[in-house]
Structures are given as C-alpha cells and as structure tokens.
Amino acid sequence: MLRQTFFLASFLGALNLYFAEDIVLQILSGILFVFSLGISIVWPEPLPPPPPPDLWSDVPEKKEREMKNCSNCGKAVDRKWSMCPYCSKRV
Numbered sequence: 001m002l003r004q005t006f007f008l009a010s011f012l013g014a015l016n017l018y019f020a021e022d023i024v025l026q027i028l029s030g031i032l033f034v035f036s037l038g039i040s041i042v043w044p045e046p047l048p049p050p051p052p053p054d055l056w057s058d059v060p061e062k063k064e065r066e067m068k069n070c071s072n073c074g075k076a077v078d079r080k081w082s083m084c085p086y087c088s089k090r091v
C-alpha cells in the first residue's frame, strides 16, 4: 500500500510539474516527482505473514534409528553399520 501511495505522489508531482508556471514550483515538483518515484520503485514488499503455529509436528518419542557405541572410539553409530565412520574400525 505504501508503494502505491508514493507512486500516486509522484504522479501528482508530475502533474504539478506540467501545470506549474513558477520556476521554484517546477523545481520542487520535479524533486517530489523524482524522490517519490524512486521510493515507489525501491521500497521493499512487506514480509508474508508468519506460518500457523500448528504447522510443525511434535518431536517423536523414540529415536528413528537404533544406535550403538563404537568399541574403539566410543561415538554413536547406526546399529546396522559394521564399521565406524569416525575411526574406520570394526564395530
């Protein structure tokens, strides 16, 4: 809405520039025209509304994968893996 208002102000400034007979009024109308047209072009669009709060699901109660610890380095690895990706030793 603000962009349209500045565009309307630039349009009115252009009309005033066209119909003005005094040089001072023409200069002020030209400045108004350039300034408000520039703002109406550069002004950013408003941000979209935030997503609804029920968009995300709750955290699952159990882990998706079963994990086990590497006997060599102690880091958690997937239960189905036969080698640790961190130390390259057999799990």
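Residue 1 is where the sequence shown starts when you use our numbering, and the numbers rise one by one after that.
Glycine residues also receive a C-beta, built at the ideal position from the N, C-alpha and C atoms.
Item: Using the C-alpha atoms, what's the distance from Ile41 back to Leu2?; Value: 11 angstroms
Item: Kindly list the residues whose CB is nearer than 7 angstroms to the CB of Pro49, restricted to its own chain and excluding five residues on each side of it in sequence; keep chain order.; Value: none
Item: Give the list of continuous beta strand (DSSP E) stretches no shorter than 3 residues that lie fully inside the region 47-86.; Value: 67-69, 76-78
Item: List the DSSP bridge partners of Arg90.; Value: Met83
Item: Skipping 5 residues on each side, what residues in its chain have a beta carbon closer than 7 angstroms to that of Gln26?; Value: Leu17, Ala20
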